[in-house]
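**Q** Could you have a look at this structure, given as structure tokens, before my questions?
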Amino acid sequence: KYMISAIPNNPDGQLRFHWGQPIPILWKAPLTHSRRDWMGIYKDGANLSPVTHIDSLGLWVPVHEEEWDGDTARPPRDHDESEMTETGELVFKGFTLPWQVGEYELRYHLDEKFQMVSEIRHIEIFLDPPEGLTFAEIHEWLQRIVCLALDSDPALMPRSALAPSDKFTRKMSHSTMSSLSESAASPDASLPFSDEPESLFINSPTEDASFDNESNTFSSASQHFLDDDFQFWSDAFGRKTMSQARRIAYAVQEALRVSLELQDIMENPNITSLTRRVL
Numbered sequence: 003k004y005m006i007s008a009i010p011n012n013p014d015g016q017l018r019f020h021w022g023q024p025i026p027i028l029w030k031a032p033l034t035h036s037r038r039d040w041m042g043i044y045k046d047g048a049n050l051s052p053v054t055h056i057d058s059l060g061l062w063v064p065v066h067e068e069e070w071d072g073d074t075a076r077p078p079r080d081h082d083e084s085e086m087t088e089t090g091e092l093v094f095k096g097f098t099l100p101w102q103v104g105e106y107e108l109r110y111h112l113d114e115k116f117q118m119v120s121e122i123r124h125i126e127i128f129l130d131p132p133e134g135l136t137f138a139e140i141h142e143w144l145q146r147i148v149c150l151a152l153d154s155d156p157a158l159m160p161r162s163a164l165a166p167s168d169k170f171t172r173k174m175s176h177s178t179m180s181s182l183s184e185s186a187a188s189p190d191a192s193l194p195f196s197d198e199p200e201s202l203f204i205n206s207p208t209e210d211a212s213f214d215n216e217s218n219t220f221s222s223a224s225q226h227f228l229d230d231d232f233q234f235w236s237d238a239f240g241r242k243t244m245s246q247a248r249r250i251a252y253a254v255q256e257a258l259r260v261s262l263e264l265q266d267i268m269e270n271p272n273i274t275s276l277t278r279r280v281l
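In my numbering, the protein residues as written are 3 to 281.
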């Protein structure tokens with residue numbers, strides 16, 4: 003028998019997940035199930051029959067990731083008995099997540115096909131607004147939203163949001179990413195889909211920034227401003243992609259009813275600057 007269940011991350015056990023947070027799924031299947039089985043996530047009620055007719059639009063995850071090369075199933079092969087299992091866990095995150103609020107359904111499909119054998123209905127994705135509309139409150143909210151939009155990748159997140167142990171990781175990751183971009187290497191082999199960091203250190207900057215000409219250093223306020231810089235993914239040719247900026251713009255529009263231009267976000271990726279634009 004096939005069964006799937008979502009693992010809620012809230013104490014009341016409701017199937018509610020904050021926008022941008024990973025959705026972990028437990029599955030159970032017969033020992034002889036196809037290793038090409040897969041799960042997709044759709045708007046709740048979009049599929050009215052056991053056969054899925056709605057395109058997943060890329061929002062799907064293989065049950066056995068090693069059997070797939072991107073969207074293409076690998077050629078069949080013999081498997082050792084040790085590889086056969088009746089249970090497992092997978093996670094919807096990053097590009098496989100819906101990045102709009104609403105109710106969704108999750109469907110387990112057989113053998114690279116569209117026959118559904120188990121489903122979960124009424125999975126809610128919600129977006130918390132900021133606690134208030136002061137500069138500090140908007141800044142803190144945007145810091146969390148930006149981190150989620152960047153899939154909580156330390157190489158992309160602002161330093162102001164990193165735990166101390168992650169700041170060295172970001173420095174090294176940025177160096178590696180720069181090297182890869184210069185050689186036009188594709189980033190697809192290791193997409194940054196880490197979970198949300200356990201702690202976010204909020205540094206709410208002041209409105210003013212200055213430079214001390216005598217010591218040739220930035221003031222504390224200015225350093226806070228620089229620590230709010232973040233980055234976007236680049237493609238194989240070093241061009242910044244707009245998908246993460248779209249996520250940020252959507253969240254601001256949904257929670258605050260403020261429209262931000264994508265080009266503005268792309269050209270000045272800084273949380274303090276975003277806060278000023280929102281206010």
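C-beta atoms are modelled at their ideal positions from N, C-alpha and C, and glycine is treated no differently.
If we call anything under 8 Å between Cβ atoms a contact, is Tyr44 one with Arg109?
**A** Within the sequence shown, residue 44 is the residue found at index 42, counting from 1. Within the sequence shown, residue 109 is the residue found at index 107, counting from 1. Contact: yes.
**Q** In whole angstroms, what is the alpha-carbon distance linking Asp57 and Phe19?
**A** Residue numbering aside, residue 57 sits at position 55 when the sequence shown is read from its first letter. Residue numbering aside, residue 19 sits at position 17 when the sequence shown is read from its first letter. Rounded to the nearest angstrom, the two C-alpha atoms are 22 Å apart.
**Q** Can you find the residues in the same chain that come closer than 8 Å, C-beta to C-beta, to Asp46, ignoring five residues on each side of it along the sequence?
**A** As a working note, residue 46 is residue 44 in the sequence shown. Closer than 8 Å at the Cβ level, and outside the excluded window around Asp46, lie Gly104, Glu105, Tyr106, Glu107, Arg123, His124 and Ile125.
**Q** Among Arg249, Gln23, Ala8 and Gly134, which residue has its Cα nearest to the Cα of Glu91?
**A** Working through the sequence shown from its first residue, we reach residue 91 at position 89. It is Ala8.
**Q** Ala75 and Glu67 look like a contact to me (Cβ under 8 Å); what is the Cβ gap, rounded to whole Å?
**A** As a first step, residue 75 is located in the sequence shown; it is residue number 73 there, counting from the start. As a first step, residue 67 is located in the sequence shown; it is residue number 65 there, counting from the start. Ala75 to Glu67, Cβ: 11 Å. No contact.
**Q** Could you please give me the residues that DSSP links to Thr136 through a beta bridge?
**A** Reading the sequence shown from its first residue, position 134 is the one you call residue 136. Bridge partners of Thr136: none, in fact.
**Q** Looking at Asp153: is its Cβ nearer than 8 Å to the Cβ of Lys95?
**A** For the purposes of this step, residue 153 is identified with residue 151 of the sequence shown, where counting begins at 1. For the purposes of this step, residue 95 is identified with residue 93 of the sequence shown, where counting begins at 1. Contact: yes.
**Q** In whole angstroms, what is the alpha-carbon distance linking Val148 and Asp80?
**A** Residue mapping note: residue 148 aligns to position 146 of the sequence shown, counting from 1. Residue mapping note: residue 80 aligns to position 78 of the sequence shown, counting from 1. Rounded to whole angstroms, Val148 to Asp80 spans 44 Å at the Cα level.
**Q** Got a sec, what are the start and stop residues for the alpha helix (DSSP H) Ile267 sits in?
**A** Taking the first residue of the sequence shown as position 1, residue 267 is located at position 265. Per DSSP, Ile267 belongs to the alpha helix (DSSP H) from Leu264 to Glu269.
**Q** Which residue comes first and which comes last in the beta strand (DSSP E) that contains Ile2?
**A** The structure shown has nothing for residue 2, since the chain only spans 3 to 281.
**Q** Just the C-alpha distance for Gln233 and Thr274, rounded to the nearest angstrom, thanks.
**A** As a working mapping, residue 233 is identified with position 231 in the sequence shown. As a working mapping, residue 274 is identified with position 272 in the sequence shown. Distance between the alpha carbons of Gln233 and Thr274: 14 Å.
**Q** Going along the chain, which residues of its own chain have a beta-carbon closer than 7 Å to the beta-carbon of Val119, five neighbours each way excluded?
**A** In the sequence shown, residue 119 corresponds to position 117, counting from 1. The answer, listed in chain order, is Tyr4, Tyr110 and Leu112.
**Q** DSSP beta-bridge partners for Phe19?
**A** Reading the sequence shown from its first residue, position 17 is the one you call residue 19. Phe19 pairs with Ile127.
**Q** Using only the alpha-carbon positions, how far apart do Glu263 and Gln246 sit?
**A** Residue mapping note: residue 263 aligns to position 261 of the sequence shown, counting from 1. Residue mapping note: residue 246 aligns to position 244 of the sequence shown, counting from 1. Each residue's Cα considered, the two are about 13 Å apart.
**Q** Look at the alpha carbon of Thr87 and the alpha carbon of Met41, and state the distance between them as a whole number of angstroms.
**A** The residue labelled residue 87 in the question sits at position 85 within the sequence shown. The residue labelled residue 41 in the question sits at position 39 within the sequence shown. In a straight line, the C-alpha of Thr87 is about 17 Å away from that of Met41.
**Q** Between the Cα of Met159 and those of Gly134, Leu129, Gln102 and Leu228, spot the shortest distance and give me the residue it belongs to.
**A** On the sequence shown, residue 159 is found 157 positions in, with the first residue counted as 1. Nearest C-alpha to Met159: Leu228.
**Q** Could you check where the beta strand (DSSP E) with Ser7 kicks off and where it finishes?
**A** What you label residue 7 is simply residue 5 of the sequence shown in a count that begins at 1. Taken as a continuous stretch (DSSP letters only), the beta strand (DSSP E) holding Ser7 covers Met5 to Ala8.
**Q** Per DSSP, what kind of secondary structure is Asp113 in: helix, strand or coil?
**A** As a working note, residue 113 is residue 111 in the sequence shown. Correct three-state label for Asp113: coil.
**Q** Roughly how far, in whole angstroms, is the beta-carbon of Val53 from the beta-carbon of Gln117, given that I think they are within contact range, below 8 Å?
**A** Locating residue 53 in the sequence shown gives position 51, where the first residue counts as 1. Locating residue 117 in the sequence shown gives position 115, where the first residue counts as 1. With a Cβ gap of about 6 Å, Val53 and Gln117 count as contacting.
**Q** Since Lys242 sits in a beta bridge, which residues does DSSP pair it with?
**A** Against the sequence shown, residue 242 aligns to sequence position 240. Beta-bridge pairing links Lys242 to Ser236.
**Q** Helix or strand or just coil, what does DSSP make of Ile250?
**A** One-based indexing of the sequence shown puts residue 250 at position 248. The answer is helix: DSSP assigns Ile250 an H, G or I state.
**Q** Can you have a look at His226 and say buried or exposed, based on whether 16 or more other CB atoms are within 10 angstroms of its CB?
**A** Walking along the sequence shown from the start, residue 226 turns up at place 224. So His226 counts as buried.
**Q** For Glu269 and Leu276, what's the separation of their Cα atoms in angstroms?
**A** The sequence position of residue 269 within the sequence shown is 267, counting from 1. The sequence position of residue 276 within the sequence shown is 274, counting from 1. Those two C-alpha atoms are separated by around 11 Å.
**Q** Roughly how many angstroms separate the alpha carbons of Phe97 and Val260, rounded to a whole number?
**A** To locate residue 97, count along the sequence shown from 1; it is residue 95. To locate residue 260, count along the sequence shown from 1; it is residue 258. So the two alpha carbons sit approximately 24 Å from each other.
**Q** So Val89 is in the beta strand (DSSP E); what residue range does that whole segment cover?
**A** The count along the sequence shown starts at 1 and reaches residue 89 at position 87. What sits at residue 89 in the sequence shown is Thr, not Val. Run containing Thr89: Thr89 to Phe94, per the beta strand (DSSP E) assignment.
**Q** Report the option in Ala157, Ile140, Leu281 and Gly240 whose CA atom is closest to the CA atom of Asp231.
**A** Translated into the one-based positions of the sequence shown, residue 231 becomes position 229. For the residues Ala157, Ile140, Leu281 and Gly240, the minimum Cα distance to Asp231 belongs to Ala157.
**Q** Just verifying my parser: in three-state terms, what is the DSSP assignment at Asp229?
**A** The residue you call residue 229 lines up with position 227 of the sequence shown. Reduced to three states, the DSSP call for Asp229 is helix.
**Q** Drop a sphere of 10 angstroms on the beta-carbon of Ser162, count the other beta-carbons inside from all chains shown, and report buried for 16 or more, exposed for fewer.
**A** Locating residue 162 in the sequence shown gives position 160, where the first residue counts as 1. Ser162 should be labelled buried.
**Q** Check Val280 in the structure and name its three-state DSSP category.
**A** Translated into positions along the sequence shown, residue 280 becomes position 278. DSSP places Val280 in helix when its eight states are reduced to three.
**Q** Glu85 to Glu133, Cα distance in whole Å?
**A** Taking the first residue of the sequence shown as 1, we reach residue 85 at position 83. Taking the first residue of the sequence shown as 1, we reach residue 133 at position 131. If I take the Cα positions, the gap works out to 48 Å.
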